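Worksheet for the structure shown next.
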Amino acid sequence: MAAAAISLIVELIGRSVILAVTVAAAAIVLEVVLYGHGLEAKWMRETFLKIIGVGLLLSIPITTIYELVRMIGGHTLLGIVLGRYRQPVREERVLLFLDLVGSTTLAESMGELRVQELLTRFFFDIDEPIVSHGGEVHAYVGDEVIVTWPANADGRSRRYLDCVFAIEDRLAKGADQYRKEFGVVPAFRAGMHAGPVVIAECGDSRRQIAYFGDSVNVTARLQAHCKEASRPLLVSGDLLRLLPPDRDLVVEPLGSTQLRGRAASIDIFCVARRVSS
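Note that my numbering has the sequence shown beginning at 220, numbered continuously upward.
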């Protein structure tokens with residue numbers, strides 16, 4: 220923990236210095252371009268030193284906020300600052316639970332440290348498709364990532380499913396690099412559901428936004444059911460109703476199923492892209 224804290228502090232200082240130097244360099248260029256003369260000793264001694272000081276003073280909070288956003292997410296940070304979830308709030312959400320296939324077996328064959336390196340690369344690579352499709356990473360739990368979207372924010376949308384397909388494409392694109400570095404190409408199983416969740420701020424020394432409710436449990440069970448159903452992606456009927464009709468999709472009904480640990484049954488569908496002939 221101490222080493223991690225020192226590393227973070229060093230990174231913050233480094234980023235702050237880089238930002239301050241960038242501001243100072245911009246100031247020099249503007250001085251020369253706008254006033255059409257060389258750099259005077261008096262300007263360097265008085266004005267330039269002030270610019271560096273102000274740059275450092277402003278860069279520290281800016282880089283700190285940037286790192287906080289990277290560590291806990293912009294939505295979570297904003298929610299904590301505004302106190303939005305200080306009292307439990309009920310919202311309609313789309314949830315995606317996605318995990319790495321065979322992580323336990325990989326740990327046995329590769330070793331835990333090596334598998335963690337694979338997971339780190341895996342999570343890094345899938346982040347861009349998640350962000351570009353409007354998703355927000357809620358949490359990383361072991362070999363699993365939890366992603367959320369506000370439901371019905373812009374009517375029916377395929378972005379939820381397209382996010383999963385984009386992740387699939389991203390991993391396929393990097394397959395050769397994965398084989399070269401790790402000897403394996405990561406595969407995933409994913410469950411998606413839409414429904415009400417209760418969102419609340421939890422903790423004191425370390426605050427976080429937590430999701431509660433049946434929708435969270437259903438999504439987790441869907442993801443776990445992928446193995447039993449031998450399907451990489453399962454969605455609920457509630458999620459399917461949020462999707463626009465699309466001939467490019469193959470929707471396979473798997474019937475009404477009682478998921479493990481849940482009394483009520485749920486309509487489950489396997490969704491995949493149609494392979495062009």
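Even for Gly, the Cβ is constructed at its ideal location relative to N, Cα and C.
Nothing here was measured: the structure is a model prediction, and the numbers come from that model.
Around the C-beta of E450, are 16 or more other C-beta atoms found within 10 angstroms, so that it is buried, or is it exposed?
The sequence given here has Arg at residue 450, not Glu. Label assigned to R450: buried.
To the nearest angstrom, report how far apart A222 and R340 are at their CA atoms.
Note that A222 scores 49 on pLDDT, short of 50, meaning its location in the model is unreliable and no value can be drawn from it.
Output the boundary residues of the alpha helix (DSSP H) element that contains L390.
It spans R378 to K392 - the alpha helix (DSSP H) in which L390 sits, taken as one unbroken run.
Using beta-carbon positions only, say whether A448 and Y304 come within less than 9 Å of one another.
no
On the three-state DSSP scale, how would you describe Q427?
Strand.
Where does P405 land, buried or exposed, given buried means 16+ other C-beta within 10 angstroms?
buried
Would you tell me roughly how many angstroms separate the C-alpha atoms of S475 and G354, rounded to the nearest one?
Between the C-alpha atoms of S475 and G354 there is a straight-line separation of about 28 Å.
Going by DSSP in three states, H352 sits in which element: helix, strand or coil?
In the three-state reduction of the DSSP assignment, H352 falls in the coil class.
Grab me the residues of R493's own chain with a C-beta within less than 6 Å of its C-beta, minus the 5 sequence neighbours each way, in chain order.
Excluding residues within five positions, the ones whose Cβ falls inside 6 Å are D467 and V469.
Could you give the DSSP three-state label for A370: helix, strand or coil?
coil
Quick check: what's the CA-CA separation for F488 versus Q396?
33 Å
Should P472 and D457 be called a contact, given that it needs their Cβ atoms to be closer than 9 Å?
no
So K446 and R408 are in contact, right, with Cβ under 8 Å, and what is the actual spacing, rounded?
6 Å
R481 - containing alpha helix (DSSP H), residue span:
No alpha helix (DSSP H) holds R481; DSSP gives it neither H nor E.
Among the residues of its own chain, which have a CB less than 7 Å from the CB of V320, if the five just before and after it don't count?
A406, F407 and R408
Report the residue from E336, E400 and A243 whose alpha carbon sits nearest the alpha carbon of I271.
With distances taken between CA atoms, I271 lies nearest to A243 out of E336, E400 and A243.
Which of helix, strand or coil does DSSP assign to A406?
For A406, the three-state secondary structure derived from DSSP is coil.
Determine, using beta-carbon pairs with one atom in the stretch 332–347 and one in the stretch 429–443, whether at least three such pairs fall under 8 Å.
no
Please report how far the alpha carbon of V364 lies from the alpha carbon of I237, in whole angstroms.
32 Å
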